[in-house]
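Numbering (this note's numbering), first residue to last: 188 to 547. Note sheet for the following structure.
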């Protein structure tokens, strides 16, 4: 197991490098970089230079040379050169990329182009919101899916199994962000009721609340975002649980246990449960990755949750390249680490699973 984990950790380095490289190359071809946006602002204000933040020129990773862009036409070449130097675009792309990679090794993401704050500090402030949203959704998904999947397996083919399967399929077919919009319209003051708040994880007066009311206020704010993610995430886990139980129920050792006179409850929870839940429980890290990466980004934007999703969205709109590449790096690294944890959990839960031998 240790040798397998070591190899996986070593493979993370080229994987991270390749992902950052591909996105860096794509950004090179994307128009409308930060210099172009600043030039547009200058033209709109009569070429009055507003205060801009030096985001660490050697760190910048971004667009093509703006001297060739349409937005740069009619701009004094000396001013244009100063703007390129301000954002670090006066250096060749290859040099900028290698400097960026070198800084990333020490988690030095530079400074945001527009907020005048350290990128690592911004991410540290936003990351708990995203992790909290993904973690609660994953926990509730398991609490709902496992009992539901077991009951569906026990009553396979019954009316309960049929109508719950229909509900599961409908829930799976609805994207989380569409369900989020529906929840806002129904329960967050959209058109009908205003039972839940629309923005943030806490009320404005949360700092003055005692710990009990602070916790209640937190769950009051997070209820709708978690519900939006939950509706489309529990379907696959429910069906996985059902199929795992059905597979185990039909095995010979279950028939033998019943022949010995064991009660159905003892057979189900004393023998079948332990074997059927191996893959379900070991897949917890992978489920967290899926929820965090697929739906949480749009849900954060819709509910104005100040997490990594909203931060990355605002950075993409504003062409804040340090934040864009830093959030990409953090998400990729977190995903790779949790994927490794997921594989190691499989091996710990069931020693018969050996990824190292399979690769060999």
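Even for Gly, the Cβ is constructed at its ideal location relative to N, Cα and C.
Cβ-based neighbour list, residue 523, same chain, cut-off 7 Å, excluding 5 preceding and 5 following: 199, 202
Test item: CB-CB of residue 492 and residue 385 under 8 Å: no
Residues near residue 359 in its chain [Cβ-Cβ closer than 8 Å; skip 5 each side]: 419, 422, 423
Cβ neighbours of residue 291 in the same chain (closer than 7 Å, five flanking residues each side left out): 516
Nearest candidate by alpha-carbon position, reference residue 284, set 213, 530, 354: 213
Pairwise C-alpha distance: residue 489 and residue 495: 13 Å
For residue 326 and residue 429, the rounded distance between their alpha carbons: 18 Å
Own chain residues within Cβ distance below 6 Å of residue 340, not counting five before or after: 429, 432, 433
Candidates 514, 521, 528, of which the one nearest residue 299 by Cα: 514
Residue of 454, 312, 316 minimising C-alpha distance to residue 439: 454
Strand pairing of residue 298, partner residues [DSSP]: 305
Any 3 or more C-beta pairs closer than 8 Å across the stretch 309-323 and the stretch 397-413: yes
Straight-line Cα distance separating residue 427 from residue 345: 18 Å
Cross-strand partners of residue 439 (DSSP beta bridge): Answer is none; residue 439 lacks a bridge partner.
Neighbourhood of residue 195 by C-beta, 6 Å cutoff - its chain only, sequence neighbours within 5 removed: 527
DSSP bridge partner residues for residue 375 (one or two, in chain order): 381
Nonlocal neighbours in the same chain, by C-beta distance under 7 Å from residue 505, ignoring five residues either side: 301
Same chain, Cβ closer than 8 Å to residue 486, five either side skipped, listed in chain order: 320, 363, 364, 367, 412, 415, 416, 492, 496
Residue 472 burial status per 10 Å Cβ neighbour count (16 or more: buried): buried
C-alpha distance - residue 499 paired with residue 510, whole-angstrom precision: 7 Å
Nearest candidate by alpha-carbon position, reference residue 352, set 370, 369, 332, 371: 332
Cβ-based neighbour list, residue 375, same chain, cut-off 8 Å, excluding 5 preceding and 5 following: 381, 382, 383, 384, 385, 411
Identity of the residue in 445, 435, 444 nearest residue 461 by Cα: 435
Inter-residue CB distance, residue 330 and residue 425 (contact presumed, cutoff 8 Å): Not a contact, Cβ separation roughly 12 Å.
Chain-order list of residues whose beta-carbon lies under 7 Å from that of residue 525 (same chain, five-residue window excluded): 472, 475, 476
Residue 505 in three-state terms, based on DSSP: helix
Neighbour-count burial assignment, residue 388, 16 or more Cβ in a 10 Å radius: buried
Helix, strand or coil at residue 279 [DSSP, three-state]: coil
Closest by C-alpha distance to residue 521, when choosing among 456, 289, 314, 342: 314
Secondary structure of residue 387, DSSP reduced to three states: coil
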